[in-house]
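Asks: Sharing a structure here in C-alpha cells format.
There are 4 protein chains.
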Amino acid sequence: MDATRENEQAVPGTVHGYIKAKDKENLQNRLRRIEGQVRGVQRMVDEEAYCIDVLTQIASVVAALEKVGTILLRDHVEHCVRESIEKGEDADEKIEELTAAVERFLRV
Amino acid sequence: MDATRENEQAVPGTVHGYIKAKDKENLQNRLRRIEGQVRGVQRMVDEEAYCIDVLTQIASVVAALEKVGTILLRDHVEHCVRESIEKGEDADEKIEELTAAVERFLRV
Amino acid sequence: MDATRENEQAVPGTVHGYIKAKDKENLQNRLRRIEGQVRGVQRMVDEEAYCIDVLTQIASVVAALEKVGTILLRDHVEHCVRESIEKGEDADEKIEELTAAVERFLRV
Amino acid sequence: MDATRENEQAVPGTVHGYIKAKDKENLQNRLRRIEGQVRGVQRMVDEEAYCIDVLTQIASVVAALEKVGTILLRDHVEHCVRESIEKGEDADEKIEELTAAVERFLRV
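Protein chains in written order, with my numbering: chain A, 20 to 127; chain B, 20 to 127; chain C, 20 to 127; chain D, 20 to 127.
Written out as C-alpha cells, the structure is:
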C-alpha cells in the first residue's frame, strides 16, 4: 500500500492524506465495528429498548469515533505536518489546519 | 405504535423504554444517516482522503450521535422519569440512572 | 439551611434553585479547589511552564467543573424537576429546560 | 520577553514551554476572567441561584477553558513541535506527547 502511494501519479487537484498501512487496517476494523454498533442502536430503537441502555451504547460509539479521530490526528502530525515542517513548505498552514481540526472536535 | 404498546403483554423480565412515535422515525432517519456517514468515513480512509477532511467528517458524526442522545434523553425524562415520579415508584433509582447516563456522556 | 429555606419569604421575582445542604458544602469545596487550580494555571503561564503540563492541568480543571455540573444537575432533577412533576406544575417547561442544559454541556 | 528567554540560563532539569508574548497577555486576560467566573459560580451556589443558571455559567467556563487550551496547543505546535522537527531532535516524542494531550482533552 505504502509502496503504491510512493509511486502513484497524484491526480491533479486531489489532496491525499497519509495513513500508515498498519493504522489503515486498524482504523477500518474500528470503523466496521462502529458501523455495527450504529446498526445495533437502530435495532434497539426499533425494539424500544430501555432508553438508558440506548444512551449508554451511543456514548460508547462516540468514544470509539473519537479514538479513531486521535489515531488519524497522530498519523497526520507524524506525516503531513512533520513533512511540511521538514520541507519548510506550508508549515504555518498545516499547523493552523491542525489546531482548527482539534477545535472542531472540542467544539470550542 | 403507542396504542400497540399500551396493550402489549410485556415479556416478563424485559424492561422497555419509551420513545415517542414521532421521535422514533426522526431517530431512525438520523441513525440511518449516521450509518451512511460512518460508511463514508470508511471510504475516505480506504481512498486515503486528506486526514483533516476525515477528522472533520468524524467530528460531524460525533455531533449527530450526541444529538440523537439528547432526543432519547428528553423522551426518557418526559416519559419514564416523569411516570416514576408521578406514581411515586422507583423515582430515586430513575433519577440516579439519568444523572449516571449524563455523566457517561460527559465522561466525568 | 433547609429549614430556613422552607420558611423563607422569597423575594418576589427571584427564582431560587435548590441545592442540598450537604451538596452545597461539597460544591463550595470543589469550586474553591477549582479557583485555586485556575490561579495555578495563571502562574504556570506566567512562569512559562511546559505547554503540555499546562494543557494537562486545564483538562483536569475542565473535568472538575463538569463534575460540579453533574452534582448540580442531580440536585436539580431530584428537587425542582421532581417537585414540578409531583405538583403537576410547569413539568413540561422544567423538562425542556433540563434537556436544554444538558445540550449546552454537550454543545450539540 | 522573548529576548530575555533566549538569553536566560535555564535552570538545569527545568523544562520550559514557549508561549508567544502576545498570546501570554491574551491567555492571562482569559484566565483572570475565568477565575472571576468561577468566583461568580461560588456566589451563585452560595445564594442558591437557580440550578439551570449555574449550569449555564459552568458550561460557559468550560468552553472558555477549552479555548485557552487550544491557544496553548497552537503555540506548542508552532514552537516546540516545529522546532523539534526542524532540529530532528525528539520529534517522535513531541508528537506522541501532543496527541496524548489531545486525548486527555477528549478523554478518549
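Where a beta carbon is used, it is the ideal one built from N, C-alpha and C, also for glycine.
1) Hey, would you say A:L74 sits closer than 8 Å to B:G88, going by beta carbons?
2) Taking only beta-carbon atoms, is A:T118 less than 8 Å away from chain B?
3) When you compare the CB of A:A68 with every CB in chain B, is at least one pair closer than 8 Å?
4) Looking only at C-alpha atoms, which of B:I104, B:V100, B:K106, B:G107 sits nearest to B:L117?
5) Report the neighbours of B:E54 on chain A: residues whose CB is nearer than 8 Å to its CB, in chain order.
6) Pull up the distance between the alpha-carbon of A:I104 and that of D:D109, whole angstroms please.
7) The alpha helix (DSSP H) that contains D:I90, what's its start and end?
8) Is the separation between the beta-carbon of C:E85 and that of D:V81 shorter than 8 Å?
9) So D:A83 and C:R123 are in contact, right, with Cβ under 8 Å, and what is the actual spacing, rounded?
10) Here's the rule: buried if 16 or more other CB atoms are within 10 angstroms of the residue's CB, otherwise exposed. What is B:D94?
11) Measuring only between beta-carbons, confirm whether A:R51 sits less than 8 Å from chain D.
12) Applying a beta-carbon distance threshold of less than 8 Å, which residues of chain C neighbour B:T89?
13) Under three-state DSSP, which class holds D:K39?
14) Do A:L125 and A:I90 come within 8 Å of each other at the CB atom, strictly closer than that value?
15) Would you mind sorting B:E44 into buried or exposed? The rule is 16 or more other CB atoms within 10 Å of its CB.
16) Starting from the Cα of C:E112, find the closest Cα among D:K41, D:I71, D:Y37, D:N48 and give me that residue.
17) Check the Cβ of B:K86 against every Cβ in chain C and list those closer than 8 Å, keeping chain order.
18) What is the rounded straight-line gap between the Cα of C:Y69 and the Cα of D:V127?
Replies: Reading off the structure:
1) Contact flag set, yes.
2) Contact of A:T118 with chain B is not assigned, every C-beta pair being separated by 8 Å or more.
3) At a cut-off of 8 Å, the C-beta of A:A68 has a neighbouring C-beta in chain B.
4) Cα-wise, what sits closest to B:L117 is B:V100.
5) The answer, in chain order, is E54, V57, R58, Q61.
6) So the alpha carbons of these two residues sit roughly 14 Å apart.
7) Boundaries of the alpha helix (DSSP H) harbouring D:I90: 70-95, taken from the DSSP string.
8) A contact, by the Cβ cut-off of 8 Å.
9) At roughly 14 Å, the Cβ-Cβ gap does not stay under 8 Å, so D:A83 and C:R123 are not in contact.
10) Buried is the call here.
11) Chain D, which has no Cβ nearer than 8 Å to the Cβ of A:R51, makes this no.
12) Within 8 Å of the CB of B:T89, the CB atoms of chain C belong to T118, V121, E122, L125, V127, in sequence order along the chain.
13) Coil, per DSSP.
14) Going by C-beta atoms, A:I90 is not nearer than 8 Å to A:L125.
15) That one is exposed.
16) Of the candidates D:K41, D:I71, D:Y37, D:N48, the residue whose Cα lies closest to the Cα of C:E112 is D:I71.
17) Using a Cβ-Cβ cut-off of 8 Å, B:K86 is close to V127 of chain C, given in chain order.
18) Going from the Cα of C:Y69 to the Cα of D:V127 covers about 22 Å.
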